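Below: one structure, written as structure tokens.
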Amino acid sequence: MKIYDKQYINGQWREGTSEKVMENRNPYTGELIYSYRAASAQDIDDAYEAAAAAQPAWEQVPPAEKAALLEKLAAVIEEMHDDIAAVLIEEGGSAAPKVGFECGTSATIARQAMAFPYALKGQIIPSDIPGKENYVYKKPKGVIGVIAPWNVPLVLAMRSVVPAVATGNTVVVKPASDTPASAFLIAEFFERAGFPAGVVNVVAGRGSEIGDYFVEHPVPSLISFTGSTEVGRRIGAVAGGQIKDVSLELGGNNAMVVLADADVERAAAAACFGAYFHQGQVCMALNRIIVEAPAYEAFERAFVAAASQLKAGDPADPTAFMGPIINEGQVASIENYVQQTIDAGARVALEGRTEGNVISPWILADCTNDMPACCNEVFGPVCCLIKAADEDEAVRIANDTDYGLSGSVFTTDLFHGMEVARRIESGMVHVNDQSINDEPQCMFGGEKCSGVGRFNAQWVVDKFTTEQWVSVQARPRF
Numbered sequence: 015m016k017i018y019d020k021q022y023i024n025g026q027w028r029e030g031t032s033e034k035v036m037e038n039r040n041p042y043t044g045e046l047i048y049s050y051r052a053a054s055a056q057d058i059d060d061a062y063e064a065a066a067a068a069q070p071a072w073e074q075v076p077p078a079e080k081a082a083l084l085e086k087l088a089a090v091i092e093e094m095h096d097d098i099a100a101v102l103i104e105e106g107g108s109a110a111p112k113v114g115f116e117c118g119t120s121a122t123i124a125r126q127a128m129a130f131p132y133a134l135k136g137q138i139i140p141s142d143i144p145g146k147e148n149y150v151y152k153k154p155k156g157v158i159g160v161i162a163p164w165n166v167p168l169v170l171a172m173r174s175v176v177p178a179v180a181t182g183n184t185v186v187v188k189p190a191s192d193t194p195a196s197a198f199l200i201a202e203f204f205e206r207a208g209f210p211a212g213v214v215n216v217v218a219g220r221g222s223e224i225g226d227y228f229v230e231h232p233v234p235s236l237i238s239f240t241g242s243t244e245v246g247r248r249i250g251a252v253a254g255g256q257i258k259d260v261s262l263e264l265g266g267n268n269a270m271v272v273l274a275d276a277d278v279e280r281a282a283a284a285a286c287f288g289a290y291f292h293q294g295q296v297c298m299a300l301n302r303i304i305v306e307a308p309a310y311e312a313f314e315r316a317f318v319a320a321a322s323q324l325k326a327g328d329p330a331d332p333t334a335f336m337g338p339i340i341n342e343g344q345v346a347s348i349e350n351y352v353q354q355t356i357d358a359g360a361r362v363a364l365e366g367r368t369e370g371n372v373i374s375p376w377i378l379a380d381c382t383n384d385m386p387a388c389c390n391e392v393f394g395p396v397c398c399l400i401k402a403a404d405e406d407e408a409v410r411i412a413n414d415t416d417y418g419l420s421g422s423v424f425t426t427d428l429f430h431g432m433e434v435a436r437r438i439e440s441g442m443v444h445v446n447d448q449s450i451n452d453e454p455q456c457m458f459g460g461e462k463c464s465g466v467g468r469f470n471a472q473w474v475v476d477k478f479t480t481e482q483w484v485s486v487q488a489r490p491r492f
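So the sequence shown is numbered by our numbering: it starts at 15 and just counts up by one.
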């Protein structure tokens, strides 16, 4: 993979100015990919100042020119497919299905955003005052700070960066420490596509050193964060102290509800994807599968049989569905959740194996909603089966969580499935599909502790813009 050992500020690749040196390691082999000097508070200042200086001119660029640059951006992403794949595999442990998803979706995000420069539509509102005209203008917020996660680092950064830029904002991106190269790929995309210097800036450093400063800095008017609920609470508190807007896409404890009339084979196949895609390291992944009692045993058999066929191993192997867990600390956390849940009375229906940072699928059966792997976001290849006496109990169990990101309902009665979906306290629910769904033209976002704000299409345009009322008194009022 390419070596990205420089920060990207105001169109220039330059060495970070922190005294600390950070390492980028391969989670499968443990080998050092490269080291780099971290960004300091001064680098944060420089990046935000560059973004602030570039924003007024960028806002005035005509929509057609912005759209043309976004079209070039999509083309660059497609041209750099092999570079993207190498980064996602080597620093992120992404297996082939996830690599394909991130590459394809990133280009789609850029193309869909070509319409966004034209979506800043205002209003003319009648006035009760004689001779007055009221205009409401939609405008970019200014500078937006984007904090990207390590699990889906490219797409979950691009879905903030691209709409922000398309609506006339400028951006500073801070990647997760485990996956810095993914964010610097984004900088290269924008550089190659010909965007002006300062429109996109990327700085990588330790959260403990620059995390709060990145959020509390006076320049950005909005912080877009994707990551854990714990960190999201901290970011919300810091930003709230400055009356600064936030977009927070946080954790999940997602449930699939399998009703008694469901096609269990179809549900089990979908559950394998929803629970084990990218080793379960996805905020939308299935933690819990709640099955009505009449279908429970048949579903368990089908799910175990399907999950047993999933190949976990080297993410560079095109036949592998699952790669490594991101780091040793996360492996230990997953194993602790599994053991605590077994100790609490869960039955092992499918035993996972740990080899280095690779964990094969676990299925824990006869669980209750208060067991550790059921009431927490495990963020690994562990799925819990819970038996429900009836539909009402299944919905109650699904809702008995602090989270509400994505969910799923399986049934042969599609309209009834929609009725059940609407009873689930979740920002997104998919009937006869699993929980991991994201389409750039559809709303994305959660409820409760899964975050605030919405991504994609007009929802993200509205989030990354503000409105101003300008009135004109055409003839004397007094």
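We put the beta carbon where it would ideally sit given N, CA and C, even for glycine. What you are looking at is a predicted structure, and each value in this text was computed from that prediction instead of being measured.
Count the other C-beta atoms from every protein chain shown that fall within 10 angstroms of the C-beta of residue i, then say buried if there are 16 or more, exposed otherwise.
i, result
"E105", "buried"
"G294", "buried"
"S108", "buried"
"D96", "exposed"
"W483", "exposed"
"T333", "exposed"
"Y18", "buried"
"A488", "exposed"
"Q323", "exposed"
"A251", "exposed"
"I143", "exposed"
"Y132", "exposed"
"T426", "exposed"
"P308", "exposed"
"C456", "exposed"
"S222", "exposed"
"Y149", "exposed"
Under 8 angstroms, do residue i and residue j count as touching if we go by C-beta distance?
i, j, result
"S120", "I91", "yes"
"A211", "A88", "no"
"V185", "V179", "yes"
"L134", "T193", "no"
"A52", "K34", "yes"
"N470", "P490", "no"
"V372", "A402", "no"
"I348", "V396", "yes"
"G431", "L262", "no"
"G266", "Y417", "yes"
"L102", "L168", "yes"
"L170", "T240", "yes"
"I377", "A321", "yes"
Starting from residue i, trace the alpha helix (DSSP H) both ways and give me its first and last residue.
i, result
"G421", "Element bounds for G421: not the alpha helix (DSSP H) but the beta strand (DSSP E), 420-424."
"V77", "The amino acid occupying residue 77 in the given sequence is Pro; Val does not appear at that position. Its alpha helix (DSSP H) spans residues 77-93."
"Y227", "221-230"
"C389", "386-389"
"N413", "405-413"
"Q353", "342-357"
"L199", "194-207"
"L399", "Segment 396-402 is the beta strand (DSSP E) holding L399; no alpha helix (DSSP H) there."
"T184", "Not the alpha helix (DSSP H): T184 falls in the beta strand (DSSP E), residues 184-188."
"Q26", "Segment 26-28 is the beta strand (DSSP E) holding Q26; no alpha helix (DSSP H) there."
"S120", "110-126"
How far does the beta strand (DSSP E) with residue i in it extend, from its first residue to its last?
i, result
"H498", "Nothing about residue 498 can be read from this structure; the chain reaches only from 15 to 492."
"N38", "35-39"
"L170", "Where L170 is concerned, there is no enclosing beta strand (DSSP E), although the alpha helix (DSSP H) it sits in stretches over 169-180."
"I339", "Segment: none, I339 is in no beta strand (DSSP E) and carries neither H nor E."
"T382", "Careful: T382 lies outside any beta strand (DSSP E) and carries neither H nor E."
"V252", "Where V252 is concerned, there is no enclosing beta strand (DSSP E), although the alpha helix (DSSP H) it sits in stretches over 243-255."
"S363", "The displayed chain sequence assigns Ala, not Ser, to residue 363. Its beta strand (DSSP E) spans residues 361-364."
"Q21", "21-23"
"I143", "Premise fails: I143 is in no beta strand (DSSP E) and is neither H nor E."
Less than 8 angstroms between the CB atoms is what I'm expecting for residue i and residue j, so what's the real figure, rounded?
i, j, result
"P234", "G159", "4 angstroms"
"I400", "T382", "7 angstroms"
"A282", "F313", "6 angstroms"
"W27", "K20", "4 angstroms"
"S422", "D447", "6 angstroms"
"A274", "E306", "4 angstroms"
"N183", "K155", "6 angstroms"
Can you tell me which residues form a DSSP beta bridge with residue i?
i, result
"W483", "V150"
"M270", "I303, S422"
"S238", "V160, S261"
"W72", "DSSP output for W72 lists no bridge partner at all."
"S49", "E37"
"G465", "E263"
"V214", "V185"
"E369", "V372"
"L378", "V362, C398"
"Y417", "K462"
"Q137", "V150"
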